[in-house]
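Residue numbers for the sequence shown follow our numbering, beginning at 170 and rising by one.
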Amino acid sequence: MFFDGYGYHGTSFEQTYRCYPASFIDKPQIENGDKIIMPSSALDRLASLHIDYPMLFELRNAATERVSHCGVLEFIAEEGMIYMPYWMMENLLLQEGDIVRVKNVTLPKGTYVKLQPHTKDFLDISNPKAILETTLRNFSCLTTGDSIMVAYNNKKYYIDIIETKPSNAITIIETDCEVDFAPPLDYKEPEKPVATVPSSKALAEGQEVPAETEPKFNPFTGSGRRLDGKPLSYQPPPISSSGPKDKRPDVTSGGGQSSAGPSSQGSSRQTQGKLVFGRTKDPQKELAKEPTKQEPPPEKEEPKFQPFTGKKYSLKG
């Protein structure tokens, strides 16, 4: 007779018992494994049968149709009673004193098991695989759909068995079994880094844009244009553009004063178009005074050429 990958060989052992947690007996170590404590009458019955060792049993809650598997630790329980780990009672939805059916089975050796912790705190342990390997030494079999308890550092970690191969129930005694982990139930993929990467780029670009636009604003910049369309030889600075205009009258005025001085009378006479044939003191004074009086106030306009002007002089003196 075979059921879900495992079978019952020969005359099978099958009996109903009332179950109680390990706190009812002075055996707290059974909480760290999957072994139960049965009465001595069960040992007498099993010894007379042709069963496979190690002894493995199927636990079934007929009320809820929940099934699990376990081993046996001792045969010291009272008649009609068995003691099992409390986490196993939770898997079978059993309360204290509920009826559970026990049947001996033979399970295949496991080759693969996939586990899923309830919380991500289990992955924060320095070496979770080593802790799990040490804990599973107290287990004799695993069943798909069960939740086992791993005690470490005064804390309990619950782990779901979501897949087993080659069957839904396997034995892990003296076998090499590959163990794989699924993400914890409370694990959430980090979405913030994905959202912050484009935002950081946007901020970086936002910081670069003002840096590029700030130097662009320069008032009063550009090249000058003449109204007549002729090109400019140079473009004076906008701030110092008024300086040369103010200085130009000074330069021209200085030139006017120097032309009126005695040291540059000859050049002033040539610019006025006068002919001089002799040198006398009186004419020099008069000629020196005349340019200052006859010069027009605006220095920008050049004096017009006036031929045959001035006084006449004789060679005889």
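Backbone N, C-alpha and C fix where the C-beta goes; we use that ideal spot for every residue, glycine too.
Assignment of beta-bridge partners to P190 by DSSP yields M253.
Put simply, of V236, T478, T288 the residue whose alpha carbon is nearest the alpha carbon of K357 is T288.
The C-alpha of L311 lies about 26 Å from the C-alpha of D213. E302 carries a helical assignment under DSSP once its states are collapsed to helix, strand and coil.
Shortest Cα-Cα distance from Y281 to any of I245, I339, P353 involves I339. The distance from the Cβ of E243 to that of I220 is about 17 Å, inconsistent with a contact at the 8 Å cut-off. Check the Cα spacing between P353 and each of D329, G240, I341: the tightest is with D329. Just so you know, the alpha carbons of K485 and P400 end up roughly 59 Å apart. Taking each of D203, F474, M224, L276 in turn and checking the Cα distance to A211, the smallest one comes out for M224. The segment 259-273 makes no contact with the segment 289-307; the number of CB pairs closer than 8 Å stays below 3. With respect to the 9 Å criterion, I342 and K283 are not classified as neighbours on the basis of their beta carbons. Per DSSP, the unbroken alpha helix (DSSP H) holding R214 starts and ends at 209-216. One Cα belongs to Y326, the other to E360, and the distance between them is close to 26 Å. Between the alpha carbons of A299 and R187 lies a distance of about 36 Å.
For P388, the number of other beta carbons within 10 angstroms of its own is below 16, and it is reported as exposed. CA-CA distance, N260 to S295, rounds to 28 Å. A residue is called buried when at least 16 other Cβ atoms come within 10 angstroms of its Cβ; G249 does not meet this threshold and is exposed. For L292, the secondary structure class from DSSP, reduced to helix, strand or coil, is helix.
The C-beta distance from L292 to V319 rounds to 12 Å, too long to meet the 8 Å contact threshold. In the DSSP assignment, T340 falls within the beta strand (DSSP E) that extends over 338-340. Secondary structure of Q475 (DSSP, three-state): coil.
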